[in-house]
Each structure stands twice: as structure tokens, then as C-alpha cells.
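Before any comments, here is the structure.
Given below as C-alpha cells:
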């Protein structure tokens, strides 16, 4: 069902490396610029739900990309989210895209915050889903063992187990919805790792996450100011839409609340009985809310 995979993968030179992307959907217009999707931890552009992309692509261009070193993009995985943000900005510049709507999910939300702070003229509207600010007062952390299981998952079966656990609650029909989503993405795939980032490359994303949530690298060194968002979020002037799952253990709800307090013009929508997979479990409602926000 993931028909967007049939769209050709193209490459653009940005920051001295090639970045893989797919651009498809309706033609661009001043009120409908490309909607850029920034993916979650270990994920690639193949892991977006087609039920999310298909309706949105009817009214605007959709731009998917793989971070440097992830999926189809060659190079070394970045160990901080500022570098990833600069890669995204360089890609948009290379494609001569001057205005975007930007959607960041999970760590993609970390990158999206920094893209908006580093290049505010590029972002018309900002959507942040299942995400939070960098280290600061009032934030909460999810269970450490959940993160460890994400890092250690190597086979497609191990990945399915941890994604269903983290993205969906145990409520009635929730795990079944999760399995349906997994089938949309992976079909009957039984072997391999499911295309997720693995092994040594994952450690680089882990380093970036540690820096974001603690303000220090694994070596104990403080991160540079440009790699943080907490103290700078008040600089964001574009409209911001924050979506959160009430039962999210990966990025707890409180972090979205803090995000909205720091971005004065942000609007928060909380979805009940859903974990980190709010974009999937509530896909129809999410699409409607996104379309209303982007069209406002």
C-alpha cells in the first residue's frame, strides 16, 4: 500500500554530501508550499504511513528525505541535531525551495525546531508531533529500558515488537491497529532489519539524543548553544501546531506542554489513549487538523 515508494528517489548535493529525497503531490502554491517531513529515531522516508501522506499530497507537494547516513543518504550519521538541521536547510537551498511547511515527528521535531530557529524565513508553518524541547526545566524522561530496546532492536521481529509497544497502547483494538500499520509499511517482510538504522550508525543518533535531552554528550562535554532549542524557542514567530499522545512514554506529554509554554503562539492538541504513534493511530483526525492548520 505504500505507493509513495513508487515515487523516484532523487539525490541533491548539500553540505558536501548527497541527500536522498522524494518530492511528489500537488503543485506548489504560495498558500501550499512543500510540506517537509522529518522522520523519527532510526527511521527512513520509507517508514511514513501512506494513510498520512496520501490525503495531504492531494493539495500540496510532499517532500520526504533521509538524514545523512540514514536510509538511502550516504555519509556518516550526524551526532547532533544542529548538523541535521543544517543539512535540511542546505537541501532546501539546493532544490531552490524558499518557503516550506515543516513537520517533525519525534527526533524529527528536534531537527525541525532548529531548522526554524536557524532559517526562520524558510518555515511558513511548523508542526511538531511527539516531541519536545532540548534539556531544560520541567521536562520528563520516558523509561530507560524502552530507549534501550529501541537501540538494540536488530531484526524485523524485534523492531516490530518495540515499535508496537512504544507507538500503541494496550487498549481495545490498539495493538491490532498497530499491526495493520506495520503491514502497510513492511508487507510480508520477514527477514532483515526492516530498513531501520542499525549497529554503529545508531550509536551516532543515540549521541545526538543524549546531547538533546541532557545538554551534554556521552563524554560529559556541554553542547554548544546552537545545538539547543529550550532557551531560544521564544524566537519562533511562525504559527506552530503541537500534537501529543497522552500516553506517550518516548516523549512524555509534559514535554509538549513545556514546548507550548515556550512558543507563545503554539497550539496544542492531545490525543487520548495513544502512545508515540499518534500520527498513525489517529491518522484521519491528524490529517484533518493538519489541513485546517496549514489552511488557516
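Numbering (full-length UniProt numbering), first residue to last: 1 to 296.
From the three backbone atoms N, C-alpha and C, an ideal C-beta is built for every residue, glycine too.
Of all alpha-carbon atoms in 161, 104 and 237, the one lying nearest the alpha-carbon of residue 263 is that of 237. In the structure shown, residue 95 adopts coil according to DSSP, grouped into three states. The alpha-carbon of residue 29 is positioned some 8 angstroms away from that of residue 60.
When DSSP states are grouped into helix, strand and coil, residue 263 belongs to the coil group. Measuring C-alpha to C-alpha distances from residue 127 to each of 145, 114 and 150 identifies 114 as the nearest. Counting only runs of at least 3 residues, the stretch 225-259 fully encloses the following beta strand (DSSP E) elements, listed from N- to C-terminal order: 240-245. Spatial neighbours of residue 290 in its own chain (CB-CB distance under 7 angstroms, excluding positions within 5 residues in sequence) are listed in chain order as 56 and 127. Residue 249 has its alpha-carbon roughly 24 angstroms from the corresponding atom of residue 227. DSSP places residue 44 outside both helix and strand once states are collapsed to three, so it counts as coil. For the 8 angstroms CB-CB criterion, residue 78 and residue 208 form a contact. Only residues of its own chain outside the window of five on either side were considered, and among them 17, 68 and 69 have a CB closer than 6 angstroms to the CB of residue 75, listed in chain order. As the crow flies, the alpha-carbon of residue 220 is around 43 angstroms from that of residue 24. The way I'd put it, the stretch 176-184 does touch the stretch 160-168; three or more beta-carbon pairs between them come closer than 8 angstroms. The shortest CA-to-CA distance from residue 7 to any of 197, 45, 268 and 234 is the one to 45. Residue 289 sits in a helix when the DSSP states are folded into three classes. In this structure, the straight-line span from the alpha carbon of residue 73 to that of residue 201 is close to 13 angstroms.
Scanning 91, 174 and 97 for the CA closest to the CA of residue 20 turns up 91.
Secondary structure of residue 86 (DSSP, three-state): helix. Judged by DSSP secondary structure, residue 35 falls outside any alpha helix (DSSP H) and instead within the beta strand (DSSP E) spanning 35-38.
In the three-state reduction of the DSSP assignment, residue 101 falls in the strand class. Beta-bridge partners assigned by DSSP to residue 112: none are found.
For residue 241, the closest C-alpha among the options 99, 286, 277 and 80 is that of 286. For residue 169, there is no enclosing alpha helix (DSSP H), as DSSP gives it neither H nor E. The C-beta separation of residue 243 from residue 269 comes to about 5 angstroms, placing the pair in contact by the 8 angstroms criterion. Put simply, the backbone Cα of residue 261 is about 12 angstroms away from that of residue 137. Our two residues, residue 278 and residue 148, have alpha carbons roughly 21 angstroms apart in a direct line. The beta carbon of residue 111 lies closer than 7 angstroms to those of 38, 81, 84, 85, 88 and 104 in the same chain, with the five residues before and after it left out. By the beta-carbon neighbour count (other beta carbons within 10 angstroms, threshold 16), residue 218 is exposed. When DSSP assignments are scanned along the stretch 120-170, the uninterrupted stretches of beta strand (DSSP E) that are 3 or more residues long and fall wholly within it turn out to be 123-129. Under the DSSP assignment, residue 23 falls in the beta strand (DSSP E) whose first and last residues are 17-25. Secondary structure of residue 61 (DSSP, three-state): strand. Per DSSP, residue 14 lies in no alpha helix (DSSP H) segment; the continuous beta strand (DSSP E) that holds it begins and ends at 10-14.
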